[in-house]
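**Q** Last residue of the sequence shown: 133 (this note's numbering), numbering continuous. For glycine and all other residues, C-beta sits at the position ideal for the given N, C-alpha and C.
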Amino acid sequence: MVSVSYYCPRCGAVAELDRDPYLADKSVTPFPLEGWRYVSPSDDFEDEDADGVKFVCGRDDADWSHPPDSDAEGEPGCGEPFYLNFVRYEAGEEVSGQPESEYVRLAEEMGPSGPNGPSGPRFSR
Numbered sequence: 009m010v011s012v013s014y015y016c017p018r019c020g021a022v023a024e025l026d027r028d029p030y031l032a033d034k035s036v037t038p039f040p041l042e043g044w045r046y047v048s049p050s051d052d053f054e055d056e057d058a059d060g061v062k063f064v065c066g067r068d069d070a071d072w073s074h075p076p077d078s079d080a081e082g083e084p085g086c087g088e089p090f091y092l093n094f095v096r097y098e099a100g101e102e103v104s105g106q107p108e109s110e111y112v113r114l115a116e117e118m119g120p121s122g123p124n125g126p127s128g129p130r131f132s133r
């Protein structure tokens, strides 16, 4: 086992995770990668079929501390999720990974809006 540190991409808090050294890290992102399966740091991510670890900054079972160059006081972490992504292969090729799509729900009762057109008296020649 080795102890590896990961920085929160939002606030810089440091999570320390004990893990086997054979796991290959791909990246740490503030968003999940599409198609990746994440588990929490308290899960046995080395034996499960996980593609990464989902941290909740300062709130989960990892060992948390402030960045080494920080003068922050109190509890570290912003409470936002971030993701450790392991290298993943499909058909012998490394998968690059894309951010998950964000979906927007539109209001159902509202139609398109725009100018209503001219109003007032009509002028003619």
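With proline 84 and valine 64 assumed to form a contact (beta carbons below 8 Å), what rounded beta-carbon distance in angstroms separates them?
**A** Along the sequence shown, one-based indexing puts residue 84 at 76. Along the sequence shown, one-based indexing puts residue 64 at 56. Not confirmed; about 12 Å, so no contact.
**Q** Which of the three DSSP states is assigned to glycine 60 in this structure?
**A** Indexing the sequence shown from 1 puts residue 60 at position 52. Correct three-state label for glycine 60: strand.
**Q** At the level of alpha carbons, what is the spacing between aspartate 28 and lysine 34?
**A** Within the sequence shown, numbered from 1, the residue matching residue 28 stands at position 20. Within the sequence shown, numbered from 1, the residue matching residue 34 stands at position 26. In this structure, the alpha-carbon of aspartate 28 lies about 15 Å from that of lysine 34.
**Q** Quick check on this structure: which residue in Glu42, Pro17 and Ala70 has the alpha carbon closest to the alpha carbon of serine 11?
**A** Taking the first residue of the sequence shown as 1, we reach residue 11 at position 3. Nearest C-alpha to serine 11: Ala70.
**Q** Using the beta-carbon count (16 or more within 10 Å), is phenylalanine 8 buried or exposed?
**A** Nothing about residue 8 can be reported from this structure: the residues present for the chain run from 9 to 133 only.
**Q** Valine 12 bridges to which residues according to DSSP?
**A** Position 4 of the sequence shown, counted from the first residue, corresponds to residue 12. Paired residues: Leu25.
**Q** Nearest to valine 22 by alpha carbon, out of Ala32, Met9, Leu31 and Val36?
**A** Residue 22 sits at position 14 when you count from the first residue of the sequence shown. It is Val36.
**Q** Per the DSSP calculation, leucine 92 is bridged to which residue(s)?
**A** In the sequence shown, residue 92 corresponds to position 84, counting from 1. According to DSSP, residue pairing for leucine 92 in a beta bridge involves Val36 and Val61.
**Q** Can you check whether the CB of alanine 58 is closer than 8 Å to the CB of arginine 45?
**A** On the sequence shown, residue 45 is found 37 positions in, with the first residue counted as 1. On the sequence shown, residue 58 is found 50 positions in, with the first residue counted as 1. Contact flag set, yes.
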